[in-house]
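First the structure, in the form of structure tokens, and then the observations on it.
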Amino acid sequence: MTEHSVGVAPSYEALRLGRGGTVVAPPRHDVFRLPALSTSVAEARRHVVRRLGSWGIDQDTRDSAELIVSELFTNAVRHTSSEDVRCSLQLIGTRLRLEVADQGCARTVPEARSVTADQEGGRGLMLVEAMSEAWGVRPNQGGAGRAVWAYLAI
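Number 13 in full-length UniProt numbering belongs to position 13 of the sequence shown; there are no gaps in the numbering.
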């Protein structure tokens, strides 16, 4: 005869026992900080891909999230005086919320803009706009810097 433990879920990390004996997934939220250096962009991309992979997010969504975080992180490094950059990944129902926050004082509010074919830069937020369901900017709590966020369907 096999013994069974009450409340043991098949995947100890992915499930927990909720009230009334129902099995529910825990909130999926990850926050990480990296130095505001161009060399940190690749590390941010790797972190996003690893974390979303561990959450079982499909490859297309991981690729989109990787590109969006890369663009937003690069903007925070290039256009602010931040010492570090905070990145947040959060699953909310059937959406993935990505956020990149800086500490610095940028001269302009981030916005997608038109660029000419011969310009090398300036397409990052156009990509974010095209790939996400929604995106926007909010001031950081405490007033220093701002956070740029985007939502992806999963």
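For every residue, glycine included, the Cβ atom is placed at its ideal position computed from N, Cα and C.
| said: Spatial neighbours of V128 within its chain, please: C-beta separation below 6 Å, excluding the five flanking residues on both sides. | reply: The answer, listed in chain order, is I68, E71, W135, A150.
| Can you give the beta carbon distance from L34 to D84, rounded, assuming they're within the 8 Å contact cut? | Indeed, because the Cβ distance is near 6 Å, the residues count as touching under 8 Å.
| field | Spatial distance of G142 from V148 (CA atoms) | value | Distance between the alpha carbons of G142 and V148: 16 Å.
| Is G136 helix, strand or coil by DSSP? | Strand, per DSSP.
| request: Work out the CA separation of V100 and D58 for me, nearest whole Å. | output: Near 21 Å, if we compare the C-alpha coordinates of V100 and D58.
| Which residue or residues does DSSP assign as beta-bridge partners of H29? | DSSP, once it has assigned bridges, lists Q90 as partnering H29.
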